[in-house]
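Residue numbers (the working numbering), protein chains in the order written: chain P, 1 to 179; chain U, 1001 to 1353; chain C, 2001 to 2253.
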Amino acid sequence: MKTTQILIAGFGGQGILFAGKFLAYKGLLEDLQVSWLPSYGPEMRGGTANCNVILSEEAVGSPIVTDPDVLIAMNLPSLEKYESTVVPGGQIYVDSTLISKKVERSDVQVFYIPATKMANDAGVPTLANMVMMGCVLKNNPELTFDGTAETMQKLVPAKKANLVELNMKALEAGRDYAG
Amino acid sequence: MAERVLMKGNEAIAEAAIQAGCRHYFGYPITPQTEIAAYMAKKMPKIGGTFLQAESEIASINMVYGAAAAGMRVMTSSSSPGISLKGEGLSYIAGSDVPAFVVNVQRGGPGLGGIQPSQSDYFQATKGGGHGDYHMIVLAPASVQEMASLTIKGFNLADKYNMISMILADGTIGQMMEPISFEDVEVEHYDKPWALTGTECKRKHNIVNSLYLQPEVLERKNFERYEKYKVVEENEVLYETYMMDDADYCVVAFGIAARVAKNAVVAARAEGIKAGLIRPITLWPFPKKVLRDAADQVKSFISVELNMGQMIDDIRLATECRRPVTLCNRVGGMIPSPDQVLQSIREAAKGGN
Amino acid sequence: MAIVFQKPKSLTDAVLHYCPGCPHGIIHRLVAEAIDALGIEGKAIGVAPVGCAVMAYDYFTCDMIEAAHGRAPATATGIKRSRPENIVFTYQGDGDLASIGMAETVHAAARNENITIIFVNNAIYGMTGGQMAPTSLPGQVTQTSPYGRDVKHCGWPIRVCEMLSTLEGPEYIARVAVNNVKNVKAAGKAIKKAFQNQVEGKGFSLIEVVSACPTNWGMTPKQALNWVESDMIPYYPLGVYKDRSAAKEAEAK
């Protein structure tokens, strides 16, 4: 695996940081070098939130994602802000429930997933983030869905064990989406 | 190898402090380091330790002074404006020669500034901060792993030399998560016969004090302290070099800036520019010798900093201005991109000095 | 020959540096007597202030630390929290405790920090040569209030005991004086109680000692003691302002 730079962006409250944490933990379990860097401060409270995740076989240099290989956009401002930063040949995942605009670039691979709607339909309305993650794991050549359940168990505290199942449901919905 | 766990930099400091035997934490909330206080608030009561949220930064550093004088491993943490308030206490602790551990997770300044990462307290940390002639051992972690290992190291050094050791981090490293393990630094123990423990009526009283009204005595105290500092400068310098063997251009950066600079060095090499990196890990004592030696080899230096150019002065002093030093910086919470650093390296190479 | 009077064990042989007629010597002695009486010399750790008593660390035989100006309650907190078995006291003046260190004072009281504070109120900054203190009386002439303290300009003197006694936190707050034998005896009792409270784990005890500063008041020692009676005590009435345990006992009855 090469170094994969992932940028997840959306509103505070959409589970942006948690989604990033999930990827970082997954990388950790796969013995990769990982870094997870959140935006912090007042913008977290209802404003925009973003999270930089880097997965690599080598030591991670700068933890700041400047040229993402993967952009996961969960609201319109994030797509508008970061679309141009994705490396040519990279991937953009768009929550199409919340973003009706189409990606303008033609040199990237684009996935439109109605994640918020799918999460609502699946009875896990707060887990659109994980629907997106399921889709990313399936479609990114550097990532794999294997080990997802194990990661979830590691990530979710024991006293909230019921959340593992719900997250898995969302992840699987994203994986199985054939948009 | 110990199990790797994912932790935020701030939490890594807190956990490492506990593992280093610190059982007393006094602090005051301030972004972006509050995770340290939160971690301590949760853990300390369960392990028989003290977590106390003080009424102010001033009170918290003076509580640290008290517990340190009582012979305890004790710490406080804050971010830039809070460290200014602690300046008084730092001076007293330094003047009393008791060991303490202090964390500054820097944010942009001056004044209230901002809450995004910065390195603009370099002068404050390395040149004093409080009044009087004194130094602190200043450690600059560049990863979450180093947040932990330099914390344990910091407690060891503080006790070894009866000095303050300070972690000078920034909001990025405080907030980011990376995998770490906790077994790479040994916890050292030092006797503290000077500590306030109560005489038990068995010995002459111990006095912890920084007041010497006779100038001859105060002068001698200062001279003695600087003799100690000399030993620290000789023995405790830490730095990392990267691709320096054949480098023509030397990037100097610490903390998060060094992480960015590493990417730029790799990119410069890919373009055929022989760049290398020296990363000071101790900012005081500053790695003067390696820089002086580098000046014999490289054509110029590039100082990458999240401030208006502070460490650059120490680079010039260390190299005795024998090579040009240029500044590549962002401030106010901004971080230079690898491209910006690369551009600075290219310009240095073009200059051809 | 029988010894009828001697220096308390808890005072060193060092010669006090205080001015002639200064009551600090009396107050030091009362503190040392309390420590002796309770047998806590070996466990005591004292915190000296910035002010006239700055060198108190030389005068008490127990372990001592010199705190930053006003920060003695915070420094004492650090010591007490890390060594709860020790008996920790501060000895502070009015500028130290009620001006620059007011926050530390109030919050240590609010936390019911299990420490003992001896607060010497002589209505002036002595060590720096007689400037206006937070407790200088209205109209009082000092180096920085040369026309008399004008309350319209710089406010009113602060009554520390009254203020702190409004807090839930503290255990024991009392004001005493050392201007005559009767008052000195009462002061000794109160100081001992303030230490006893700590031994019993009851919490924060503060004894305000109304004192005098003949040198900076520009008076003879005798005039100064008379001024304590005529001017200081009327503004700073003596008495117990808070005694939680006594109040609880009274309630139980």
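Glycine included, every Cβ here is placed at the ideal spot set by N, Cα and C.
Cβ-based burial, residue i [other Cβ within 10 Å; buried from 16]
i	result
residue 2246 of chain C	exposed
residue 2253 of chain C	exposed
residue 1133 of chain U	exposed
residue 1335 of chain U	buried
residue 2225 of chain C	buried
residue 1220 of chain U	exposed
residue 2230 of chain C	exposed
residue 1262 of chain U	buried
residue 1050 of chain U	buried
residue 2003 of chain C	exposed
residue 57 of chain P	exposed
residue 1231 of chain U	exposed
Coarse secondary structure for residue i, derived from DSSP in three states
i	result
residue 2136 of chain C	coil
residue 2001 of chain C	coil
residue 1315 of chain U	helix
residue 1301 of chain U	strand
residue 1351 of chain U	helix
residue 1338 of chain U	helix
residue 1280 of chain U	strand
residue 2244 of chain C	helix
residue 2029 of chain C	helix
residue 1123 of chain U	helix
residue 2063 of chain C	strand
residue 174 of chain P	helix
residue 1145 of chain U	helix
residue 2183 of chain C	helix
residue 2156 of chain C	coil
residue 2223 of chain C	helix
Span of the alpha helix (DSSP H), counted from its first residue to its last, around residue i
i	result
residue 1045 of chain U	From DSSP, residue 1045 of chain U is part of no alpha helix (DSSP H); its letter is neither H nor E.
residue 120 of chain P	115-121
residue 1172 of chain U	1171-1175
residue 1230 of chain U	1215-1235
residue 151 of chain P	148-155
residue 1052 of chain U	Counting along the chain, residue 1052 of chain U falls outside any alpha helix (DSSP H), though it belongs to the beta strand (DSSP E) covering 1050-1053.
residue 1065 of chain U	1057-1069
When the options are compared against residue i, the one with the closest alpha-carbon
i	options	result
residue 2011 of chain C	C:2046, C:2230 and C:2248	C:2046
residue 2112 of chain C	C:2171, C:2141, C:2063 and C:2139	C:2171
residue 1200 of chain U	C:2040, C:2165, C:2217 and C:2168	C:2040
residue 172 of chain P	P:79, P:8, P:3 and P:124	P:124
residue 2143 of chain C	C:2152, C:2126, C:2159 and C:2158	C:2126
residue 2232 of chain C	C:2140, C:2072, C:2063 and C:2019	C:2140
residue 2027 of chain C	C:2198, C:2182, C:2177 and C:2242	C:2177
residue 2217 of chain C	C:2003, C:2031, C:2001 and C:2019	C:2019
residue 2215 of chain C	C:2021, C:2206 and C:2025	C:2021
residue 2118 of chain C	C:2097, C:2134 and C:2138	C:2097
residue 1186 of chain U	U:1216, U:1338, U:1151 and U:1283	U:1151
residue 1008 of chain U	P:79, P:38, P:7 and P:22	P:38
residue 170 of chain P	P:115, P:138, P:160 and P:103	P:115
residue 1229 of chain U	U:1031, U:1065 and U:1126	U:1126
Boundaries (first-last residue) of the beta strand (DSSP E) holding residue i
i	result
residue 2119 of chain C	2116-2121
residue 52 of chain P	48-56
residue 1078 of chain U	1074-1078
residue 1007 of chain U	1005-1008
residue 2104 of chain C	Looking at the DSSP string, residue 2104 of chain C is not in any beta strand (DSSP E); the run it does join, the alpha helix (DSSP H), is 2102-2110.
residue 33 of chain P	33-38
Any non-hydrogen atom of the ligand GDP closer than 7 Å to residue i Cβ
i	result
residue 2208 of chain C	In the structure shown, the ligand GDP is absent, as is every other ligand, since no ligand is present at all.
Proximal residues, the segment 1167-1189 of chain U versus chain P, C-beta separation under 8 Å: Here the close residues are 1171, 1172, 1175, 1176, 1177, 1178 and 1179.
Proximal residues, the segment 2081-2102 of chain C versus chain U, C-beta separation under 9 Å: Taking 9 Å as the Cβ-Cβ cut-off against chain U, the residues of the segment 2081-2102 of chain C that qualify are 2081, 2082, 2083, 2085, 2086, 2087 and 2088.
Residues within the segment 1093-1125 of chain U neighbouring chain P, beta-carbon criterion of under 9 Å: Correct list: 1114, 1115 and 1116.
Interfacial residues, the segment 1191-1205 of chain U to chain A, with Cβ spacing under 9 Å: Note that chain A does not occur in the displayed structure, where the protein chains are P, U and C.
Under 8 Å (Cβ pairs) to chain U, residues found in the segment 8-31 of chain P: Flagged, chain order: 21, 24, 25 and 28.
Contact residues within the segment 1051-1064 of chain U, judged by C-beta distance below 9 Å to chain C: Hits within the stretch, in order: 1052, 1054, 1055, 1056, 1058, 1059, 1060, 1061, 1062, 1063 and 1064.
Residues, ordered as in the chain, of the segment 2052-2076 of chain C that lie near chain U by beta-carbon distance below 9 Å: Under the 9 Å Cβ criterion, the segment 2052-2076 of chain C contributes 2054, 2055, 2057, 2058, 2060, 2061, 2062, 2063, 2064, 2065, 2066, 2067, 2068, 2069, 2070, 2071, 2072, 2073, 2074, 2075 and 2076.
Short-range partners of chain U found in the segment 96-118 of chain P, where Cβ spacing is below 9 Å: Of all residues in the segment 96-118 of chain P, none comes within less than 9 Å of chain U when Cβ atoms are compared.
Chain U contacts made by the segment 2182-2197 of chain C, where a contact means CB separation under 7 Å: The residues in question: there are none.
Residues in the segment 2023-2045 of chain C having any Cβ partner in chain U nearer than 8 Å: For the segment 2023-2045 of chain C, which is checked against every Cβ of chain U, the residues closer than 8 Å are 2041, 2042, 2043, 2044 and 2045.
Proximal residues, the segment 1213-1232 of chain U versus chain C, C-beta separation under 7 Å: Listed in sequence order: no entries.
Residues within the segment 64-82 of chain P neighbouring chain U, beta-carbon criterion of under 7 Å: If the cut-off is 7 Å between Cβ atoms, the segment 64-82 of chain P has 64 and 66 near chain U.
Near-chain P residues of the segment 1333-1344 of chain U - C-beta to any C-beta below 8 Å: Cβ contacts with chain P: 1335, 1337, 1338 and 1339.
Selection of the segment 1011-1044 of chain U by Cβ proximity to chain C, strictly under 9 Å: Residues passing the 9 Å Cβ filter: 1023, 1024 and 1026.
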